[in-house]
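In UniProt numbering, the protein residues as written are 1 to 536.
Heads up, the beta-carbon is just placed ideally off N, CA and C, and yes, glycines get one too.
These numbers were taken from a predicted model, which means no experiment stands behind them.
What follows is a single structure, written as structure tokens, with notes after it.
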Amino acid sequence: MQTTGRSHAPVQRTLAGSAAAMRASSIGSAAAAPKPFRSTRPRRAHAAVVRAEGGNGSSEYDYDIITIGAGSGGVRASRFATSYGAKVACVELPFDYISSDSKGGVGGTCVLRGCVPKKLMVYASEYADDFKDSVGFGWEERGVPSHSWTTFLEAKRKELQRLNGAYKNTLKNASVELLEGFGRIVDAHTVDVSGKRYTAKNILIAVGGKPTKLPIPGAELCITSDEALELPAQPKKITVLGGGYIALEFSGIFQRFGGEVHTVFRQPMPLRGFDEEVRKFAFEQYAAAGLTMHAGHTPVEVRKQPNGLLTCVVADKDGNQTEITDNDHVMMATGRSPKVGGLGLEEVGVALGKKGEVVVNAYSQTSVPSIWAVGDVTDRINLTPVALMEGMALAKTLALGEPTKPDYDFVPSAVFSNPSIATVGLTEEQAVAKYGDIDVYTSSFRPMRNTISGSPMRTFMKLVVAAGSDVVVGCHMVGDDSAEIMQGFAVALKMRVTKAQLDTVVGIHPSAAEEFVTMRSVSRRIRKGQPVTAAA
Ligand SMILES: Cc1cc2nc3c(=O)[nH]c(=O)nc-3n(C[C@H](O)[C@H](O)[C@H](O)COP(=O)(O)OP(=O)(O)OC[C@H]3O[C@@H](n4cnc5c(N)ncnc54)[C@H](O)[C@@H]3O)c2cc1C
1 MQTTGRSHAP VQRTLAGSAA AMRASSIGSA AAAPKPFRST RPRRAHAAVV RAEGGNGSSE
61 YDYDIITIGA GSGGVRASRF ATSYGAKVAC VELPFDYISS DSKGGVGGTC VLRGCVPKKL
121 MVYASEYADD FKDSVGFGWE ERGVPSHSWT TFLEAKRKEL QRLNGAYKNT LKNASVELLE
181 GFGRIVDAHT VDVSGKRYTA KNILIAVGGK PTKLPIPGAE LCITSDEALE LPAQPKKITV
241 LGGGYIALEF SGIFQRFGGE VHTVFRQPMP LRGFDEEVRK FAFEQYAAAG LTMHAGHTPV
301 EVRKQPNGLL TCVVADKDGN QTEITDNDHV MMATGRSPKV GGLGLEEVGV ALGKKGEVVV
361 NAYSQTSVPS IWAVGDVTDR INLTPVALME GMALAKTLAL GEPTKPDYDF VPSAVFSNPS
421 IATVGLTEEQ AVAKYGDIDV YTSSFRPMRN TISGSPMRTF MKLVVAAGSD VVVGCHMVGD
481 DSAEIMQGFA VALKMRVTKA QLDTVVGIHP SAAEEFVTMR SVSRRIRKGQ PVTAAA
């Protein structure tokens, strides 16, 4: 079982960045120095900065750029390109909440079946803990508060429709022409949209990814994240297969709503690729929060019981089987793959990688010079802000005439599980491999709120410092508000803050975040890759 895609973990994210850079050289020199084009569109005032050195002008084409996919990367690239004076059309499938080969919708995965609906579900589920915690603070218990799944589902759908409309307006206001239908590349400059052909000087593939299922008996009975966001009722019992961030996020959501949740993953700990100490701490906290974790187990089959509920059979490494019975649902969160089916990529000679990802150079150019790709379809770092960055860089490259590479250094990320996790920079293991000599600062504590609430949940914080330079190269947190806190530290790490500089920062009291600037005692020193005695 592939529990995490390469993009779902910090270790792999960093490697993915460098792998992308390495691929750059393999595509060839033409790709390494992309040629900006001359736009067909009347230039606006700022267009004076465009370097029109791109060989043929694009007047022979219908558009300067046709983007296939109006998700995070496609929308961003398209609207920035028009703001730089290019004439752009964007192709997108008709709207549906659950994606398929023929359904999608402007906004893409993040807005319609990823980050946004997921976070709305996280918010909805968190109230359950708030109600419980409030009792310790004197709020009298008046029975168990009830939750209307239907009310929530309706509110969520309304918000997604609003966002879909807002994204359409964004494209319209940016003068990006929306072409609804299935986009297929016919040749290096032609795109077929549900039977009608359009030409462009450059084609941008921004089709994202789709959930994949394990090929086990009964896979057709399982749901993926798409359906998990659209369930008609709250599951009383659910088994989630996978140990990556999506699996842990949905496990936390359903558990907070009061469901019995079993989380199954092959590794001894979830979240492969994250800092090992973070994984261990999170593992313990997930159990404390109420998840039943089946570590080191592989799904064998899923069966429908006579009463309509599902049995999920899992096996440990010795083949001993466990039956998890009476599930309302079994969710497979076992990886995603690039959505390249039917795009015509092989036919036009666009090189694909092992997972079907579009291989690109450092400028997001494919093996066909006029065809480019950004976002999840390239399987670099599969996160919305990264797709946005790649889209903006490409718009500069193509429409502004400024060849621009996305910068994959210090990309922060979060897991909105219970508890949440956030991270930026290197794990301890990566830092040891890179620098040999590092200092590690850690702190684990019970947050003030939980002293009175009675919640058993604890918080963990960690700084990884390159001992030679004193530069903080990694920052990790498990606990409430970690994503909000980490965004600020991502700025500091990107600016190459040193530990000595962090030590000069005054804390905000009382807060959990202040701990990051008050960690004075080194937890362990590692020299030449080996731990040495911790010093106070
Ligand atoms: C459950 C879940 C939770 C997530 N949570 C987070 C999170 O918290 N934070 C985060 O940063 N990232 C998160 N992600 C990842 C994030 O959603 C993606 O990285 C991001 O959406 C990628 O953007 P994209 O532009 O590459 O592709 P998408 O946003 O997937 O957009 C691709 C678009 O192309 C369209 N399309 C595909 N094929 C065709 C075709 N042939 N013709 C026309 N249109 C086509 C699709 O319909 C889609 O709208 C999550 C993903 C999932 C699944």
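Distance CB(E347)-CB(T378) smaller than 8 Å = No.
key: Nearest residue (CA-CA) to I68, options I324, V193, I485 and K168   = With distances taken between CA atoms, I68 lies nearest to V193 out of I324, V193, I485 and K168.
Pair within 8 Å by beta-carbon distance, E260 and K280 = For the pair E260 and K280, the CB atoms are not nearer than the 8 Å cut-off.
task = Would you tell me roughly how many angstroms separate the C-alpha atoms of L345 and V207, rounded to the nearest one?
result = Distance between the alpha carbons of L345 and V207: 12 Å.
message = Using only CA atoms, which one of V506, I526 and M121 lies nearest to F152?
response = When each option's Cα is compared against that of F152, the closest is M121.
query = Does the Cβ-Cβ distance between E390 and P406 come in under 8 Å?
reply = By the CB criterion at 8 Å, E390 and P406 fall inside the cutoff.
message = Within a Cβ cutoff of 8 Å, which residues of the same chain sit near Y167, ignoring the five residues on either side of it in sequence?
response = Once the five neighbours on either side are set aside, the close Cβ partners of Y167 are A70, V75, V106, G107 and V111.
key: Three-way DSSP call (helix, strand, coil) for P385 in this model   = Looking at P385 - three-state DSSP - the assignment turns out to be helix.
ask   = Can you tell me whether DSSP reads Y97 as helix, strand or coil?
value = Secondary structure of Y97 (DSSP, three-state): coil.
query = Any chance the CB of N382 is under 7 Å from a heavy atom of ligand 1?
reply = The nearest non-hydrogen atom of ligand 1 is less than 7 Å from the C-beta of N382.
ask   = If V176 and V88 are in contact, beta carbons under 8 Å, what's the gap, nearest whole angstrom?
value = Yes, they are in contact, since the Cβ atoms of V176 and V88 sit about 5 Å apart, within 8 Å.
query = Would you say C222 touches ligand 1, meaning its beta carbon is less than 7 Å from a heavy atom?
reply = No - ligand 1 has no heavy atom lying nearer than 7 Å to the Cβ of C222.
beta-carbon R197 near ligand 1 non-hydrogen atom, thresh 7 Å = Because no heavy atom of ligand 1 lies under 7 Å away, the Cβ of R197 does not count as near it: no.
key: Length-filtered (4 minimum) alpha helix (DSSP H) runs lying within the region 312-398   = Fully enclosed alpha helix (DSSP H) runs of 4 or longer: 345-348 and 384-395.
key: Residues near A289 in its chain [Cβ-Cβ closer than 6 Å; skip 5 each side]   = The residues are N418.
query = Taking the C-alpha atoms as reference points, what is the distance between D133 and P447?
reply = Their Cα atoms are separated by approximately 13 Å.
ask   = Mind pulling the beta strand (DSSP E) runs of 3 or more residues that sit fully within the region 250-282?
value = Within the region 250-282, the complete beta strand (DSSP E) segments at least 3 residues long are 260-265, listed from N- to C-terminus.
ask   = If we count the other Cβ atoms within 10 Å of its Cβ and call it buried at 16 or more, is H509 buried or exposed?
value = Looking at its Cβ environment, which holds fewer than 16 other Cβ atoms inside 10 Å, H509 is exposed.
ask   = Which partner residues of V478 appear in the DSSP bridge assignment?
value = Secondary-structure assignment with DSSP links V478 through a beta bridge to I421 and F460.
ask   = In three-state DSSP terms, what is D64?
value = In the displayed model, D64 falls within a strand according to three-state DSSP.
ask   = Leaving out the 5 sequence neighbours to the left and right, which residues in its chain are closer than 7 Å to E402 when beta-carbon positions are compared?
value = Result list for E402: K396, in chain order.
key: Cβ pair count under 8 Å reaching 3, the region 263-270 against the region 300-309   = With the cut-off at 8 Å, the region 263-270 and the region 300-309 do not touch.
query = DSSP three-state call for residue 594: helix, strand or coil?
reply = Nothing can be reported for residue 594: it is not among the residues displayed for the chain, which extend from 1 to 536.
ask   = To which residues of the same chain is L229 closer than 6 Å at the C-beta, ignoring the five residues directly before and after it?
value = R113 and P117, listed in sequence order.
task = Kindly examine ligand 1 and report whether one of its heavy atoms sits closer than 7 Å to the Cβ of K118.
result = Yes, the Cβ of K118 comes within 7 Å of a heavy atom of ligand 1.
According to DSSP, residues forming a beta bridge with residue 537 = Residue 537 cannot be examined here, being either before or after the span of the chain that is shown, 1 to 536.
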